[in-house]
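Asks: Here it is, the structure, as structure tokens.
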Amino acid sequence: MPDRAEQSVVFVIDDDASVRESLLDLFASVGLHALAFASPAEFLSHKVSDGPNCLVLDVRLPGLSGLDFQAELAKAKVNLPVIFITGHGDIPMTVRAMKAGAVEFLTKPFRDQDLLDAVQRALEQQRACQTQKKSEADLEARFQSLTQREQEVMTLVATGLMNKQVAGELGVSEVTVKVHRGNAMRKMGAITLADLIRMSQALGLSRRG
Amino acid sequence: MFKDMRTGTKLLVLCGTFIVAILVPVYALVAEKRLAVDFARKELSGSRYLTAVRAAYGKILGADGHSASSSVVEQELAAAEALSAGKFQSAALSQSLVSAVRDLGSGPTASAGTRAVEALTRAEALASRVGDDSNLALDPDLDSYYVQNIVVQKVPTFLGQLARLQDYVENGITSSAQAHSSSIQVPIFAGLLRSTSDELKENAEAAYRGNADGRLKRAIEAPFGKLISSLNAYLGALTAKAAGVEARDGVPIERLHKAAVSDALSAWATAHAELDRLLQQRIGDLNRKMLFGLVLIGLVAGLSIFIALLTHHHIVRPLERLEAVALRVREAKDYSLRMKYGSNDEIGRVTAAFNDMLAELATARNREMAQQAELARATRLTTMSEMAASIAHEVNQPLSAIVTNGNAGLRWLAHATPDLNRAQAALQRVVREGQRASEIVGSVRAMFKRDTQNRSRQNLNVIVEESLRLVRENLQSANITLEATLDDDIPEVLGNRVQLQQVVLNLITNAIDAICAAPPDRPRQLKVKVLAHDPSGVLVAVEDSGPGIAPRDAERVFEPFFTTKAGGMGLGLSICRSIVEAHGGRLWASPGVPHGTAFMFTLHAYDGSET
Numbered sequence: 033m034p035d036r037a038e039q040s041v042v043f044v045i046d047d048d049a050s051v052r053e054s055l056l057d058l059f060a061s062v063g064l065h066a067l068a069f070a071s072p073a074e075f076l077s078h079k080v081s082d083g084p085n086c087l088v089l090d091v092r093l094p095g096l097s098g099l100d101f102q103a104e105l106a107k108a109k110v111n112l113p114v115i116f117i118t119g120h121g122d123i124p125m126t127v128r129a130m131k132a133g134a135v136e137f138l139t140k141p142f143r144d145q146d147l148l149d150a151v152q153r154a155l156e157q158q159r160a161c162q163t164q165k166k167s168e169a170d171l172e173a174r175f176q177s178l179t180q181r182e183q184e185v186m187t188l189v190a191t192g193l194m195n196k197q198v199a200g201e202l203g204v205s206e207v208t209v210k211v212h213r214g215n216a217m218r219k220m221g222a223i224t225l226a227d228l229i230r231m232s233q234a235l236g237l238s239r240r241g
Numbered sequence: 013m014f015k016d017m018r019t020g021t022k023l024l025v026l027c028g029t030f031i032v033a034i035l036v037p038v039y040a041l042v043a044e045k046r047l048a049v050d051f052a053r054k055e056l057s058g059s060r061y062l063t064a065v066r067a068a069y070g071k072i073l074g075a076d077g078h079s080a081s082s083s084v085v086e087q088e089l090a091a092a093e094a095l096s097a098g099k100f101q102s103a104a105l106s107q108s109l110v111s112a113v114r115d116l117g118s119g120p121t122a123s124a125g126t127r128a129v130e131a132l133t134r135a136e137a138l139a140s141r142v143g144d145d146s147n148l149a150l151d152p153d154l155d156s157y158y159v160q161n162i163v164v165q166k167v168p169t170f171l172g173q174l175a176r177l178q179d180y181v182e183n184g185i186t187s188s189a190q191a192h193s194s195s196i197q198v199p200i201f202a203g204l205l206r207s208t209s210d211e212l213k214e215n216a217e218a219a220y221r222g223n224a225d226g227r228l229k230r231a232i233e234a235p236f237g238k239l240i241s242s243l244n245a246y247l248g249a250l251t252a253k254a255a256g257v258e259a260r261d262g263v264p265i266e267r268l269h270k271a272a273v274s275d276a277l278s279a280w281a282t283a284h285a286e287l288d289r290l291l292q293q294r295i296g297d298l299n300r301k302m303l304f305g306l307v308l309i310g311l312v313a314g315l316s317i318f319i320a321l322l323t324h325h326h327i328v329r330p331l332e333r334l335e336a337v338a339l340r341v342r343e344a345k346d347y348s349l350r351m352k353y354g355s356n357d358e359i360g361r362v363t364a365a366f367n368d369m370l371a372e373l374a375t376a377r378n379r380e381m382a383q384q385a386e387l388a389r390a391t392r393l394t395t396m397s398e399m400a401a402s403i404a405h406e407v408n409q410p411l412s413a414i415v416t417n418g419n420a421g422l423r424w425l426a427h428a429t430p431d432l433n434r435a436q437a438a439l440q441r442v443v444r445e446g447q448r449a450s451e452i453v454g455s456v457r458a459m460f461k462r463d464t465q466n467r468s469r470q471n472l473n474v475i476v477e478e479s480l481r482l483v484r485e486n487l488q489s490a491n492i493t494l495e496a497t498l499d500d501d502i503p504e505v506l507g508n509r510v511q512l513q514q515v516v517l518n519l520i521t522n523a524i525d526a527i528c529a530a531p532p533d534r535p536r537q538l539k540v541k542v543l544a545h546d547p548s549g550v551l552v553a554v555e556d557s558g559p560g561i562a563p564r565d566a567e568r569v570f571e572p573f574f575t576t577k578a579g580g581m582g583l584g585l586s587i588c589r590s591i592v593e594a595h596g597g598r599l600w601a602s603p604g605v606p607h608g609t610a611f612m613f614t615l616h617a618y619d620g621s622e623t
């Protein structure tokens with residue numbers, strides 16, 4: 033999906049202009065779209081696109097430190113993979129960052145390949161995450177397009193009941209159940225009964241039923 | 013008000029009220045005794061008056077050994093009257109006695125006896141008056157009362173009666189007209205005399221009973237016995253004569269009478285002397301009792317005051333010492349002070365508690381001071397390492413940018429169609445960042461050069477001592493002996509206290525690290541010297557017994573980022589040199605003797621100018 037790759041942005045937050053400049057040039061040399069900010073506040077004021085992004089964050093920042101900012105993001109449930117870069121890191125700092133879910137912790141001056149690898153990894157991770165989220169959202173949208181009766185039939189079928197049993201359960205004729213089931217499969221885009229059951233599980237229908 | 017008084021004053025007030033309370037009975041005692049003494053003195057003066065009266069008796073009765081010329085009697089009476097100063101209201105009586113005594117020698121011989129009787133009557137009246145008015149008649153003691161009764165009343169009465177009887181006897185013999193009645197008159201007079209002598213006897217007996225020591229009886233029993241016997245002889249002779257029987261032994265009545273009178277006068281004189289003695293004794297006793305009472309009260313009062321002083325000594329003095337110690341502790345912060353005490357009373361317990369409290373305070377303070385020293389040390393060292401970290405970060409930024417730019421340039425060149433423009437731009441940034449890194453290192457030095465506004469006059473001894481105190485524990489735990497030589501006669505220097513301390517502290521901590529890295533068989537010794545330095549300045553030397561520095565590294569140790577230590581940043585000595593040079597001084601290293609390294613720096617003496 034090349035269009036998605038183009039959408040992805042590497043955000044850089046570092047208070048040192050030279051470092052920002054060099055990083056932007058490095059990302060440009062490998063064809064990555066990057067945006068640089070001098071502080072977390074400046075970053076937050078910028079509209080962030082949905083695409084698979086990642087954040088290259090300096091630990092030592094004016095105002096909020098990089099580690100604190102990472103915590104803020106987690107608290108705000110912003111799903112953005114973080115790669116730390118620092119001029120003078122120690123082990124407790126590293127441990128804290130990695131525990132909080134950082135992708136990588138690099139000490140300046142770092143090997144460019146290490147940073148680029150980390151960025152790729154972060155983007156992949158983000159992309160996979162977003163893909164899964166998107167399919168889940170699709171599935172949910174399709175399920176919501178079913179009528180209430182169709183949802184009921186689909187739920188009961190997913191628990192393994194036969195048409196006759198579903199009809200008995202709902203107090204309708206077996207023919208009606210068959211019609212509802214056919215509609216549900218068509219609307220959900222399920223080719224086989226197995227597909228429908230898998231979708232039901234993804235939606236967690238057995239719980240709802 | 014009372015509660016705010018000093019305890020000493022309170023005790024003083026207590027003593028004062030106590031003394032006042034004592035003075036009241038003392039006054040009562042003295043007044044009472046003085047009253048009694050005055051009473052006895054008046055008696056005594058009366059008794060003295062009686063001596064003159066007695067002399068008059070002697071004159072009137074013409075007794076042997078008791079007789080004196082009438083002028084002498086007059087003089088004595090006048091003297092006695094003068095001495096009494098009219099207290100006895102006896103002047104008229106005395107005067108009449110004197111005239112009676114004068115009349116004795118004049119007039120017809122036949123009436124001499126009658127005149128004598130008249131004189132005796134007057135003398136008796138005088139004696140009685142003196143006895144009454146001189147308190148003798150009111151005498152409070154049993155013995156002296158009866159003795160005075162004898163002296164003042166009974167003996168004069170007795171002598172008067174005796175004289176009257178003799179007068180009667182003489183006149184009765186010569187006058188026939190009265191002869192018929194002599195048989196009746198003589199027994200009457202005799203009876204009176206006997207009754208008087210009985211009274212004398214009873215009085216004497218009563219006086220003996222009242223006299224505790226028995227001296228009175230010993231003194232007057234014999235003369236009075238003699239008086240009684242001579243009276244009996246006289247009366248016996250008279251009775252016999254009246255009965256017409258002439259005495260067998262032929263002693264004339266006249267002589268018997270004279271003997272009786274003489275014995276009476278002797279007994280009188282003896283009794284009188286005893287009376288004086290008793291009165292004197294009473295006065296002496298009273299004075300002794302008063303003195304004894306005063307001494308007793310004085311002793312008790314003295315003892316009380318002594319106890320008060322003792323209390324003062326045992327309460328106030330320890331409290332004052334406690335206060336003084338507390339004050340000294342507060343002022344000098346010397347918590348090792350303790351107060352001596354020997355008592356187990358409240359003061360002793362308070363003192364013990366105070367000492368315990370001081371001990372706890374000392375412990376707490378030591379702990380606090382140790383913590384503070386540790387904190388100060390940590391702060392100083394942290395400042396240095398933080399500064400180093402900060403510098404490292406500053407230098408790291410351009411270095412990081414250089415690396416990244418270099419890599420980016422390489423990547424532009426490695427493209428299928430190398431982007432030369434972008435590669436060139438990257439290389440230009442590499443150059444720029446390299447210069448920037450160099451500027452940062454330079455600015456670190458400049459930073460210390462610029463910082464001249466916080467400079468003031470400093471004594472390097474103080475700075476070195478403070479630094480040594482900060483690392484004292486490190487020295488102890490590393491088992492390093494310290495040899496500090498601080499010259500007292502060093503000039504002051506102008507400098508930034510914190511920076512100079514950082515230099516000294518850095519040199520010392522470096523030395524400690526070096527000593528710890530030395531072979532274990534070497535003596536672990538740190539020498540710190542502060543000396544006056546020619547031409548006018550101060551030299552501080554920190555010498556360790558460590559492994560020493562290779563000669564080729566002797567100058568390199570001052571370069572930034574050069575280090576011989578595993579965890580070292582390589583900035584300490586570089587910063588130290590920057591600081592010293594910024595202060596216009598010099599910092600260098602030279603090999604130690606016999607081994608190790610000596611780091612030395614010199615600073616110019618403060619000459620009064622601000623630069």
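Protein chains in written order, with the numbering used here: chain A, 33 to 241; chain B, 13 to 623.
Just so you know, even glycine gets a beta-carbon here, dropped at the ideal spot from N, CA and C.
Compute the beta-carbon to beta-carbon distance between Val62(A) and Arg423(B), rounded to the nearest angstrom, for a pair I have assumed lies under 8 Å.
Replies: Your numbering for residue 62(A) matches position 30 in the first sequence. Your numbering for residue 423(B) matches position 411 in the second sequence. That belief holds up - the Cβ atoms of Val62(A) and Arg423(B) are roughly 6 Å apart, short of 8 Å.
Asks: Please compile the residues from chain A whose C-beta is within a distance smaller than 8 Å of the C-beta of Pro410(B).
Replies: By 1-based counting over the second sequence, the position of residue 410(B) is 398. Going along chain A in sequence order, the residues near Pro410(B) (Cβ under 8 Å) are Ser50.
Asks: Do you know whose CA, among Gly236(A), Met231(A), Asp46(A) and Ala66(A), lies nearest Leu148(A)'s CA?
Replies: Taking the first residue of the first sequence as position 1, residue 148(A) is located at position 116. Comparing Cα positions, the closest option is Ala66(A).
Asks: Within 10 Å of its beta-carbon, does Thr614(B) have 16 or more other beta-carbons around it, so buried, or fewer, so exposed?
Replies: Sequence index remark: in the second sequence, residue 614(B) carries index 602 (1-based). Result: buried.
Asks: Among Ala97(B), Gly305(B), Ser102(B) and Leu89(B), which one has its Cα closest to the Cα of Arg114(B)?
Replies: In the second sequence, counting from the first residue as 1, residue 114(B) sits at position 102. Nearest option by C-alpha distance: Leu89(B).
Asks: At least one CB of chain A closer than 8 Å to the CB of Glu445(B): is that the case?
Replies: Translated into the one-based positions of the second sequence, residue 445(B) becomes position 433. Closer than 8 Å: yes.
Asks: Compare the Cα-Cα distances from Leu291(B) to each of Gln160(B), Gly354(B) and Ala496(B) and report the closest residue.
Replies: In the second sequence, residue 291(B) corresponds to position 279, counting from 1. For the residues Gln160(B), Gly354(B) and Ala496(B), the minimum Cα distance to Leu291(B) belongs to Gln160(B).
Asks: If I'm right that Gly597(B) touches Glu555(B) with Cβ under 8 Å, what's the distance once you round it to whole angstroms?
Replies: In the second sequence, residue 597(B) corresponds to position 585, counting from 1. In the second sequence, residue 555(B) corresponds to position 543, counting from 1. About 18 Å; that fails the 8 Å criterion.
Asks: Below 8 Å on the Cβ atoms is my guess for Phe43(A) versus Phe75(A); work out the distance and round it to an integer in Å.
Replies: Within the first sequence, numbered from 1, the residue matching residue 43(A) stands at position 11. Within the first sequence, numbered from 1, the residue matching residue 75(A) stands at position 43. 6 Å between Cβ atoms; contact.
Asks: So, does the CB of Glu136(A) fall closer than 8 Å to a CB anywhere in chain B?
Replies: The count along the first sequence starts at 1 and reaches residue 136(A) at position 104. Chain B contact via Cβ: absent.
Asks: By the three-class DSSP mapping on this structure, what secondary structure does His65(A) have?
Replies: Stepping through the first sequence from its first residue, residue 65(A) is reached at position 33. It is coil, neither helix nor strand.
Asks: So, with DSSP's three-state summary, where would you put Ile223(A)?
Replies: The count along the first sequence starts at 1 and reaches residue 223(A) at position 191. Coil.
Asks: Please list the terminal residues of the continuous beta strand (DSSP E) segment that includes Ser468(B).
Replies: For the purposes of this step, residue 468(B) is identified with residue 456 of the second sequence, where counting begins at 1. From DSSP, the beta strand (DSSP E) with Ser468(B) extends over Ser468 to Gln470.
Asks: Rounded to the nearest angstrom, what separates Asp46(A) and Asp122(A) at their Cα positions?
Replies: Locating residue 46(A) in the first sequence gives position 14, counting from the first residue. Locating residue 122(A) in the first sequence gives position 90, counting from the first residue. Spanning the two alpha carbons is a distance of roughly 18 Å.
Asks: Can you tell which of Arg350(B), Ser412(B) and Ile359(B) has its C-alpha closest to the C-alpha of Ala374(B)?
Replies: Here residue 374(B) refers to the residue found at position 362 when the second sequence is read from its first residue. The shortest C-alpha separation from Ala374(B) is found at Arg350(B).
Asks: Please list the partners that Ala420(B) has in chain A, where partner means a Cβ-to-Cβ separation under 7 Å.
Replies: Position 408 of the second sequence, counting from 1, holds the residue named residue 420(B). Per Cβ cutoff of 7 Å: Ser54, Asp57, Leu58 and Ser61.
Asks: Can you confirm whether Thr416(B), when its beta carbon is compared against all beta carbons of chain D, has any partner nearer than 8 Å?
Replies: Within the model displayed, chain D is absent; protein chains A and B are what it includes.
Asks: Between which two residues does the beta strand (DSSP E) harbouring Asp556(B) extend?
Replies: Start at 1 with the first residue of the second sequence, and residue 556(B) comes out as number 544. First-last of the beta strand (DSSP E) with Asp556(B): Gly549 to Asp556.
Asks: Can you grab the Cα-Cα spacing for the pair Tyr180(B) / Leu287(B), in whole Å?
Replies: As a working note, residue 180(B) is residue 168 in the second sequence. As a working note, residue 287(B) is residue 275 in the second sequence. Approximately 33 Å, taken between the alpha carbons.
Asks: Note down, in chain order, each residue of its chain lying with its Cβ closer than 7 Å to the Cβ of Ala385(B), except the 5 sequence neighbours on either side.
Replies: For the purposes of this step, residue 385(B) is identified with residue 373 of the second sequence, where counting begins at 1. Within the same chain, Ala385(B) has close Cβ partners Arg481 and Leu482.
Asks: Does the distance from the CB of Ala641(B) to the CB of Pro563(B) come in under 8 Å?
Replies: What is shown of chain B runs 13 to 623, which leaves residue 641(B) out entirely.
Asks: Tell whether a beta-carbon distance below 8 Å holds between Ile524(B) and Leu538(B).
Replies: In the second sequence, the residue the question calls residue 524(B) occupies position 512. In the second sequence, the residue the question calls residue 538(B) occupies position 526. Yes, the Cβ-Cβ distance between Ile524(B) and Leu538(B) is below 8 Å.
Asks: Between Trp600(B) and chain A, is there a C-beta pair that is closer than 8 Å?
Replies: Counting from 1 along the second sequence, the entry for residue 600(B) is found at position 588. No - not a single Cβ of chain A is within 8 Å of the one on Trp600(B).
Asks: Would you say Arg423(B) lies against chain A (beta-carbon separation less than 8 Å)?
Replies: For this step, residue 423(B) is matched to residue 411 along the second sequence. Closer than 8 Å to some Cβ of chain A, the Cβ of Arg423(B) qualifies, so yes.
Asks: Does Tyr39(B) pass the burial test, meaning 16 or more other C-beta atoms within 10 Å, or should it be called exposed?
Replies: Against the second sequence, residue 39(B) aligns to sequence position 27. Tyr39(B) is exposed by the Cβ-count criterion.
Asks: Return the bridge partner residues of Trp600(B) from the DSSP annotation.
Replies: The residue given as residue 600(B) occupies position 588 in the second sequence. Trp600(B) is bridged to Met612(B).
Asks: Count the other CB atoms within 10 Å of the CB of Leu321(B); is the residue buried (16 or more) or exposed (fewer)?
Replies: Residue 321(B) sits at position 309 when you count from the first residue of the second sequence. Classification of Leu321(B): exposed, given that the 10 Å Cβ count is below 16.
Asks: When you compare each of Ala336(B), Tyr69(B), Thr19(B) and Ala279(B) to Leu212(B) by their alpha carbons, which one comes out closest?
Replies: Along the second sequence, read from residue 1 onward, the residue named residue 212(B) stands at position 200. When C-alpha distances from Leu212(B) are compared across Ala336(B), Tyr69(B), Thr19(B) and Ala279(B), the shortest belongs to Ala279(B).
Asks: Which one of Asn85(A), Gln102(A) and Met217(A) has the shortest CA to CA distance from Leu93(A)?
Replies: Here residue 93(A) corresponds to residue number 61 of the first sequence, with the count starting at 1. It is Gln102(A) whose Cα lies nearest to the Cα of Leu93(A).
Asks: Quick check: what's the CA-CA separation for Leu585(B) versus Val135(A)?
Replies: Position 573 of the second sequence, counted from the start, is the residue given in the question as residue 585(B). Position 103 of the first sequence, counted from the start, is the residue given in the question as residue 135(A). Rounded to whole angstroms, Leu585(B) to Val135(A) spans 39 Å at the Cα level.
Asks: What residue ranges within the segment 465-504 of chain B form continuous alpha helix (DSSP H) runs of no fewer than 4 residues, ordered along the chain?
Replies: 472-482 and 484-489
Asks: Quick test of your reading: Glu214(B) and Asn147(B), contact by CB under 8 Å. State the CB separation rounded to the nearest angstrom.
Replies: The sequence position of residue 214(B) within the second sequence is 202, counting from 1. The sequence position of residue 147(B) within the second sequence is 135, counting from 1. Not confirmed; about 23 Å, so no contact.
Asks: Could you pull out every residue in the same chain whose Cβ sits closer than 7 Å to the Cβ of Val337(B), ignoring the five residues on either side in sequence?
Replies: On the second sequence, position 325 is the one that residue 337(B) refers to. The answer, listed in chain order, is Leu349 and Met351.
Asks: Going straight from the alpha carbon of Val185(A) to that of Arg213(A), what length do you get?
Replies: Within the first sequence, the letter at position 153 stands for residue 185(A). Within the first sequence, the letter at position 181 stands for residue 213(A). Approximately 6 Å, taken between the alpha carbons.
Asks: At a Cβ cut of 9 Å, what residues of the segment 155-189 of chain A count as close to chain B, listed as they run along the chain?
Replies: none
Asks: What separation, rounded to the nearest whole angstrom, lies between the Cα atoms of Asn223(B) and Ser156(B)?
Replies: Within the second sequence, residue 223(B) is the residue found at index 211, counting from 1. Within the second sequence, residue 156(B) is the residue found at index 144, counting from 1. Cα to Cα, Asn223(B) sits roughly 8 Å from Ser156(B).
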